[in-house]
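What follows is a set of notes on a single structure, which appears directly below.
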Amino acid sequence: MKSISNQKISGIGMTSQRTRDRLIERLRQQGITNEDVLSVIRNTPRHLFVDEALSHRAYEDTALPIGHGQTISQPYIVARMTQMLLQSGMPTSVLEIGTGCGYQTAVLAQLVPQVYSIERIGALFQQAKKRLADLQLYNVELRHTDGHGGWPNLNYRFDRIIMTAACKDIPRKLAEQLTEGGEMVLPYDNGHEQVLLKITRNKNEFETEAFEAVSFVPLLPGLG
Ligand code: SAH
Numbered sequence: 106m107k108s109i110s111n112q113k114i115s116g117i118g119m120t121s122q123r124t125r126d127r128l129i130e131r132l133r134q135q136g137i138t139n140e141d142v143l144s145v146i147r148n149t150p151r152h153l154f155v156d157e158a159l160s161h162r163a164y165e166d167t168a169l170p171i172g173h174g175q176t177i178s179q180p181y182i183v184a185r186m187t188q189m190l191l192q193s194g195m196p197t198s199v200l201e202i203g204t205g206c207g208y209q210t211a212v213l214a215q216l217v218p219q220v221y222s223i224e225r226i227g228a229l230f231q232q233a234k235k236r237l238a239d240l241q242l243y244n245v246e247l248r249h250t251d252g253h254g255g256w257p258n259l260n261y262r263f264d265r266i267i268m269t270a271a272c273k274d275i276p277r278k279l280a281e282q283l284t285e286g287g288e289m290v291l292p293y294d295n296g297h298e299q300v301l302l303k304i305t306r307n308k309n310e311f312e313t314e315a316f317e318a319v320s321f322v323p324l325l326p327g328l329g
């Protein structure tokens, strides 16, 4: 497990260690049991992923606006989806669709060997790239493109995919970038509500399990 240097972690006032400890306590109460996930969330400076005006709220367990009509995910949901991705063993690489501010990307980068992440909005892609470099998370590759097609021009397959925007149809090309036995975790909009899904690839069949209701921004086509 990698970690971000101490100097970058420490914040002031509401971003203090005590506030972070309270967040971790809350995540435990909500059923997050993976100690590596909890430790990485405790040590990831979420205040650096939001606007300075909102940094005093960075360790609340809530989604926050990041501009361009998008949000930074709630810490609980980041913990929940990360825990799901690691449940059946350590992947060699993870593909994320929807980099946004890069917070989920940063959490994953400290837990798994290699992370690939795609964002459709150019300004968010640029900001995330700078932030992740500042945090010296070098095992991350970012692309500014539409994630419906998965990672462009690739023969390689991923053993985990995480989507952090809600889709109405599961993008076929994306699911096909899963390895045999690979798993994808995503919010799925069934027309009534969004639910968390886990899709497992068995040869060319896709097995689906549904979990709790969630709330994500929509997966949109094209570039923003
Ligand atoms: N992972 C982020 C959550 C970002 S919100 C976090 O840790 O907070 C979801 C992001 O998905 C938004 O930035 C949105 O622009 C992006 N998105 C929506 N549709 C997309 C698509 N088709 N391809 C890539 N990114 C997309």
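Residue numbering for the sequence shown is 106 to 329, as defined by my numbering.
Just so it is clear, CB atoms sit at the ideal spot from N, CA and C, and this is done for glycine as well.
Where residue i falls, given that 16 or more other Cβ within 10 Å makes a residue buried
{"i": "Gly227", "result": "exposed"}
{"i": "Arg151", "result": "buried"}
{"i": "Thr167", "result": "exposed"}
{"i": "Thr313", "result": "exposed"}
{"i": "Tyr208", "result": "buried"}
{"i": "Ser108", "result": "exposed"}
{"i": "Met186", "result": "buried"}
Cα-Cα separation between residue i and residue j, rounded to whole angstroms
{"i": "Leu169", "j": "Asn258", "result": "34 Å"}
{"i": "Ala315", "j": "Ile304", "result": "9 Å"}
{"i": "Leu200", "j": "Gln188", "result": "15 Å"}
{"i": "Ser121", "j": "Arg127", "result": "10 Å"}
{"i": "Ser193", "j": "Pro180", "result": "21 Å"}
{"i": "Gln299", "j": "Phe321", "result": "8 Å"}
{"i": "Tyr164", "j": "Gln134", "result": "16 Å"}
{"i": "Pro323", "j": "Ser110", "result": "34 Å"}
{"i": "Ile266", "j": "Gln241", "result": "23 Å"}
{"i": "Gln231", "j": "Met268", "result": "19 Å"}
{"i": "Ala158", "j": "Ala238", "result": "22 Å"}
{"i": "Leu328", "j": "Arg225", "result": "5 Å"}
{"i": "Leu190", "j": "Arg125", "result": "23 Å"}
{"i": "Gln219", "j": "Gly296", "result": "34 Å"}
{"i": "Gln282", "j": "Ser198", "result": "12 Å"}
{"i": "Arg123", "j": "Arg236", "result": "24 Å"}
{"i": "Gln175", "j": "Thr138", "result": "29 Å"}
{"i": "Asn244", "j": "Ala233", "result": "14 Å"}
{"i": "Ile129", "j": "Gly287", "result": "29 Å"}
{"i": "Gly136", "j": "Ile275", "result": "27 Å"}
Bounding residues of the beta strand (DSSP E) (the contiguous stretch that carries residue i)
{"i": "Lys308", "result": "Unbroken run through Lys308: none, as it is neither H nor E."}
{"i": "Met289", "result": "283 to 294"}
{"i": "Arg265", "result": "263 to 268"}
{"i": "Glu224", "result": "219 to 224"}
Near the ligand SAM: residue i beta-carbon under 7 Å from a heavy atom
{"i": "Gly255", "result": "With respect to small molecules bound, the structure shown includes the ligand SAH and not the ligand SAM."}
Close-in-space but distant-in-sequence residues of the same chain around residue i (CB under 7 Å, 5 per side omitted)
{"i": "Pro326", "result": "Asp251, His253"}
{"i": "Lys273", "result": "Asp294"}
Cut-off 8 Å between Cβ atoms - residues of its own chain near residue i, not counting five sequence neighbours on either side
{"i": "Met106", "result": "Asp141, Ser144, Val145, Gln215, Leu216"}
{"i": "Ile171", "result": "Phe154, Val155, Asp156, Ile177, Gly205, Cys206, Leu229"}
Close beta carbons around residue i, own chain, < 6 Å, minus the five adjacent residues each side
{"i": "Ser222", "result": "Glu201, Thr204, Thr210, Leu247"}
{"i": "Thr284", "result": "Arg262, Asp264"}
{"i": "Leu279", "result": "Gly255"}
{"i": "Arg131", "result": "Asp166"}
N- and C-terminal bounds of the alpha helix (DSSP H) containing residue i
{"i": "Pro180", "result": "180 to 191"}
{"i": "Thr124", "result": "122 to 134"}
{"i": "Gln175", "result": "Run containing Gln175: none in the alpha helix (DSSP H); it sits in the beta strand (DSSP E), 175 to 177."}
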